[in-house]
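Just below is one structure, and these are the notes that go with it.
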Amino acid sequence: MKKFFKSALARGLLWQLVGTLVGGGFVTGIRAVMGLEALGRFGFSEPAWVFGGLIGTLTFLGGSGVVSDWVKWARGIPTHDHHEDPPGWEKFINVSLDHKVIGIQYTLTALIVLGLGGTFALIFRTELAASGLQFLNGSQYNTMVGLHGIVMIVAILLGIAGMMNYLVPLLIGAADMAFPRLNAFSYWITIPAAIWLVSSLFLGGFDTGWTGYPPLSARAPVGMQMFFLAVFVVGWSSILGGLNLLVSVARMRAKGMTSFRLPIFVWASIATSLISLTATQLIGLSFQMVMFQRLFGMGFFDPAKGGNPVLFQHLFWFYSHPAVYVFILPGLGIISELLPVFVRKPLFGYRWVAMSSLGIALVGFLVWAHHMFTSGMNEYLRVPFMYSTLLVAVPTGVKFFSWVATIWGGKIETPTPMLFVLGGVVVFLLGGLSGPPNATVSTDLHLHDTYFIVGHFHDTMFGGFVFPFFAALYYWFPKATGRRMNEFLGKVHFWLMTPSFLVLTLGMMRIGLLGMRRRISDYDAALGFDTTHLVLTVAGFLIFTSVLVFVYNLFRSMKKGEIATGNLWNSRSPEWQVDSPIPAHNYAQPFEVVGEPYDYGLPGSKFVEFAKPKP
Amino acid sequence: MLHFIIVGILVIVMAILTYLGLTGIGLLPVQASAQAIPIDWMFNYQVIAISFLFALIVVPLVYSLIVFRRKKGDTTDAEHIEGNTTLEITWTVIPLFVVIVFAFMGAKSLGDTRRVDPQAMVINVTAQQFAFSFEYPDYGFTSKELYAPVNKQLLLKMTSRDVIHSFWVPEFRVKQDIVPGRFTEYRITPILEGVYKVRCAEVCGGGHAGMRSSVEIVSQERFDNWVKEKQAEALAASQTPEERGQLLATSYGCFGCHSVDGSLLPNGGPSWLGLFGSQVELEDGSTVLVDEAYIIQSVMDPASQVVKGFSPMTFNGTDAGLTDAELADIIAYIMTLK
Chain A
275 MKKFFKSALA RGLLWQLVGT LVGGGFVTGI RAVMGLEALG RFGFSEPAWV FGGLIGTLTF
335 LGGSGVVSDW VKWARGIPTH DHHEDPPGWE KFINVSLDHK VIGIQYTLTA LIVLGLGGTF
395 ALIFRTELAA SGLQFLNGSQ YNTMVGLHGI VMIVAILLGI AGMMNYLVPL LIGAADMAFP
455 RLNAFSYWIT IPAAIWLVSS LFLGGFDTGW TGYPPLSARA PVGMQMFFLA VFVVGWSSIL
515 GGLNLLVSVA RMRAKGMTSF RLPIFVWASI ATSLISLTAT QLIGLSFQMV MFQRLFGMGF
575 FDPAKGGNPV LFQHLFWFYS HPAVYVFILP GLGIISELLP VFVRKPLFGY RWVAMSSLGI
635 ALVGFLVWAH HMFTSGMNEY LRVPFMYSTL LVAVPTGVKF FSWVATIWGG KIETPTPMLF
695 VLGGVVVFLL GGLSGPPNAT VSTDLHLHDT YFIVGHFHDT MFGGFVFPFF AALYYWFPKA
755 TGRRMNEFLG KVHFWLMTPS FLVLTLGMMR IGLLGMRRRI SDYDAALGFD TTHLVLTVAG
815 FLIFTSVLVF VYNLFRSMKK GEIATGNLWN SRSPEWQVDS PIPAHNYAQP FEVVGEPYDY
875 GLPGSKFVEF AKPKP
Chain B
244 MLHFIIVGIL VIVMAILTYL GLTGIGLLPV QASAQAIPID WMFNYQVIAI SFLFALIVVP
304 LVYSLIVFRR KKGDTTDAEH IEGNTTLEIT WTVIPLFVVI VFAFMGAKSL GDTRRVDPQA
364 MVINVTAQQF AFSFEYPDYG FTSKELYAPV NKQLLLKMTS RDVIHSFWVP EFRVKQDIVP
424 GRFTEYRITP ILEGVYKVRC AEVCGGGHAG MRSSVEIVSQ ERFDNWVKEK QAEALAASQT
484 PEERGQLLAT SYGCFGCHSV DGSLLPNGGP SWLGLFGSQV ELEDGSTVLV DEAYIIQSVM
544 DPASQVVKGF SPMTFNGTDA GLTDAELADI IAYIMTLK
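Structural data, given as structure tokens:
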């Protein structure tokens, strides 16, 4: 406990509280002097909350010490290049510059936030178990749905940042990321953002869903502003994380690691980071514009002042569609990375799979308006956006065909990570196949804003992120801890989650086609959806239960897991050629790439060769 | 080679079973508009493509998991196959071609849903939190529900008073957002009589779930009757109580017995001129002030208070089904006769 109160996390949170009160108090004082309404429904007035939140975020960063080295450099005080981490668990709640520690910090935070998002889902899923309003009112329900959406998005961003941070330097043979302090900053800035996100629940919530379309978001309670602020702040993490990763891959690869000898997960990370680095600004911008509309009366999206509500949707989706490729590309990279290991065959068409990630990322920038086929934008623009959107099916298809060809004729083993890889392939397939009807304008006129869409993107998110994320956790857990996770519990997790999830999303698509809308707190009993909704709710609880099994397994295995310090999965990848867990600054001896990454079945071949230790 | 033949057959069988299964359960609500026909046509091709691609990936996957499982005790790797460029090009080019064909079909079906009938009936739709209203500019009235004749194209010109809403009747398939500060257009040709619901499909606040209106598609004849009814209602709503009272007095036949110029009609009752506010003597010799209470009492129960020198009124408001609101309008009219 004492260790906690002395940690960077506790200091940061305390300073965040202080900063918020000071910032909010400052604005309150100015308003009082100016004769404006000083206090609002939630203590501070809206401008005071926003300004307080901004100051609180900055004081968190100062208080936690993540910017200390930069401040010292600015003042001309030299610092050590490396900081030693304390032994034991407290390094995870203190500022560390080690990419593996930051990767684990990201991953643990992602799991916590994932649990939070799941809890929100269960709350409104319970409300939907029967028609009629049970225990939530309409606005509370909308807040729950919106929070579930955005909290899960933040969880996914944290999860992929965790995987990329932990794995990419190991895979390319680097001692760390290119900018370790920026890396720590990118992680720590998400903590105050997560707090602001949840705070919106207590500041009146927001009844817009996670998309925050004005004019509705221009009239929602103060919670809306905290949601905007939180997403704005989280955006910095994505942008800086993407920058850091691209520089690391460009500059810090091991000798001999040419473009087409990069592990496939690194290719996926490059594609993802290109999007994060260049598109995130747009969501920050669009949310900032609504914030300014509310705070300063700037009528960007207010038709009464000559603004255009549809403009917001363009700005918003210009990030938020590519963002879904940010969410799935690393997961698809994990699938491509693990399949060869468990089928003992090379990845079929490595170059095609690598290029398909870039293809998806680039085409992903040209498709945003398919979210707006019914929005009232220029109707002739809908057709080119249909063509560009359907084009995404081509590189995605390349991945599927290559995966099947990789598995075909292999010698397949199915330990827990492989089960999650296969589950990911099947679930993502369902997500992929339910995509084109939404991309086609005429059928989307029926499907837009229905439960069909909800089922579709849950399939893509689970197939493209959740399943591969769990696969990665089971697969690399021994690398991080030197112990392996329990196989039996892992299989219980898989066999409980997968069927429940399929029932959940296929059921969603079914009633969506029949007329169930998205984001509704109640549905007409006459539609006859009661039974299906009850089944969906039960399925939701079963998924949550399976995740609890996973969490139990995770904590149990840290202490009691079977010792596994060697090359547990018989992989060719460099990180498995050294003992687990890997120490700070990674490889004691540098390695040189001497072969192809996935040449399983080629006798005598090696991917990497370590330099001889100096005598 | 044998593996490929078996899998090929299984893929075809699985694709057909998936397609029959999906279409067999009835995927969509009834088809109630002309625009739903091209959309459902498109859906059908998509279900075919989905069924085939599902089988194409899942069958070899499951087959491999069963047939190519690692044997117990085998620690060797599988055959070293790195890829096949011809195959990769094939499964890039064919999907590219299919995608272009599907996009073309999508554009064509979209075009079909947008076919313009110059004779379309215009209805102005106004949405607000959390209700729709429908104005019929050709007939000059506004309705809370959408009532329309079958087999006639409707052109809905929609706008919102507050936030973004969306107009969706699942049986019509087409959906269109309603945006404040501008008009969006929604063309639909209902082809099936029935009662449907339009429900708001764009989250619009706490009451979003309950934002709906009835959509009734009827024969031309029933629609014409409805229009007449609505027009009469609209006319009544546009009049003052006094004007309505005069019309009501005419239609209930009051002027058969009561004059409005002070004269007495044969076998009639007192003239209404100057009646309100006067003192009248009753049969029992008492006098009473003619006020609202007195008139209501006399109309609804004519025998209770008969003015001296007249026989009880033959009209009985209770029996005639005169409503309180109608009587209030008539009294308002009587009050003007001074």
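Chains A and B, in that order, are what the protein sequence lines are. Using this note's numbering, read the first sequence as starting at 275 and increasing by one per residue. Using this note's numbering, read the second sequence as starting at 244 and increasing by one per residue. A virtual CB, placed ideally from N, CA and C, is assigned to each residue, including glycine.
Of all Cβ atoms in chain B, is any one closer than 7 Å to the Cβ of residue i?
i, result
"A/G671", "yes"
"A/P577", "yes"
"A/W682", "yes"
"A/I686", "yes"
"A/Y654", "no"
"A/L693", "no"
"A/L606", "no"
Check this for me: beta carbons of residue i and residue j, under 7 Å apart or not?
i, j, result
"B/E331", "A/W626", "yes"
"A/F601", "A/F739", "yes"
"A/M660", "A/V598", "no"
"A/T811", "A/G729", "no"
"A/A403", "A/L808", "yes"
"A/V425", "A/L390", "yes"
"A/S649", "A/V564", "no"
"B/A477", "B/F415", "no"
"B/R455", "B/R465", "no"
"A/H373", "A/P443", "yes"
"B/F311", "A/G684", "yes"
"B/V254", "B/A292", "no"
For residue i, go through chain A and note every residue whose CB falls closer than 7 Å to its CB, in chain order.
i, result
"B/V422", "P583, V584, G650"
"B/M285", "T714, S716, T717"
"B/I300", "F674, V678, L703"
"B/P240", "Limits of chain B in this structure are 244 at one end and 581 at the other, which puts residue 240 of chain B out of reach."
"B/P338", "A667, V668, G671"
Taking 7 Å as the CB-CB cut-off, is residue i touching chain A?
i, result
"B/M401", "no"
"B/L398", "no"
"B/G264", "no"
"B/T427", "yes"
"B/K418", "yes"
"B/W334", "yes"
"B/S276", "no"
"B/G560", "no"
Under 9 Å between beta-carbons, which chain A residues line up against residue i? List them in chain order, please.
i, result
"B/L282", "The sequence shown places Ile at residue 282 of chain B, not Leu. Those within 9 Å of B/I282 in chain A are S716, T717, L719, H720."
"B/F519", "Result: empty, since nearest Cβ-Cβ is about 49 Å, beyond 9 Å."
Quick one: which chain B residues come within Cβ less than 7 Å of residue i?
i, result
"A/L787", "L270, L271"
"A/G623", "G326, E331"
"A/I235", "Any question about residue 235 of chain A goes unanswered here, given that chain A covers just 275 to 889."
Starting from residue i, find everything on chain A with Cβ-Cβ shorter than 8 Å and list it in chain order.
i, result
"B/P413", "H720, L788, G789"
"B/E322", "K619, G683, G875"
For a contact meaning CB atoms closer than 9 Å, what does residue i contact in chain B?
i, result
"A/Y826", "None at all; the shortest Cβ gap to chain B is about 28 Å."
Chain B partners of residue i, CB-CB under 8 Å?
i, result
"A/L287", "Within 8 Å Cβ-Cβ: nothing; A/L287 doesn't reach chain B, min ~32 Å."
"A/P489", "D405, V406, I407, P423"
Suppose only complete runs of 4+ residues qualify. What are the alpha helix (DSSP H) ranges in the segment 309-384 of chain A, listed by chain order? 320-338, 342-348
Continuous alpha helix (DSSP H) assignments of at least 4 residues falling wholly in the segment 598-666 of chain A: 624-637, 656-665
At a Cβ cut of 7 Å, what residues of the segment 360-382 of chain B count as close to chain A, listed as they run along the chain? none
What are the uninterrupted segments assigned as beta strand (DSSP E) that are 3 or more residues long and contained completely in the segment 434-481 of chain B, given in chain order? 437-443, 455-461
What residue ranges within the segment 724-784 of chain A form continuous alpha helix (DSSP H) runs of no fewer than 4 residues, ordered along the chain? 725-735, 741-755
For the segment 614-640 of chain A, enumerate the residues whose C-beta is nearer than 7 Å to any C-beta of chain B, in chain order. V617, R618, K619, P620, F622, G623, Y624, W626
What runs of the beta strand (DSSP E), each 3 residues or longer, lie entirely inside the segment 855-883 of chain A? 865-867
Near-chain B residues of the segment 723-755 of chain A (beta-carbon distance less than 8 Å), N- to C-terminal order: D723, T724
The segment 443-459 of chain B: which residues have C-beta closer than 9 Å to a C-beta of chain A, in chain order? C443, A444, E445, V446, C447, G448, G449, G450, H451, A452, G453, R455
Can you list, in chain order, the stretches of the alpha helix (DSSP H) that have 4 or more residues and sit fully within the segment 303-369 of chain B? 328-356
If we require 4 or more residues per run, which alpha helix (DSSP H) segments fall completely within the segment 488-523 of chain B? none
Got a sec: which bits of the segment 396-423 of chain A sit with their beta carbon under 7 Å from any beta carbon on chain B, in order along the chain? N411, G412, S413, N416
Could you tell me which uninterrupted alpha helix (DSSP H) segments, each at least 4 residues in length, are contained entirely in the segment 675-727 of chain A, listed from first to last along the chain? 690-707, 710-713, 715-721
Mind checking the segment 470-483 of chain A against chain B and listing, in chain order, the residues whose C-beta falls within less than 7 Å of any C-beta there? D481, T482, G483
Quick one: which unbroken alpha helix (DSSP H) runs of 4-plus residues sit fully inside the segment 406-482 of chain A? Chain order, please. 412-446, 454-462, 464-473
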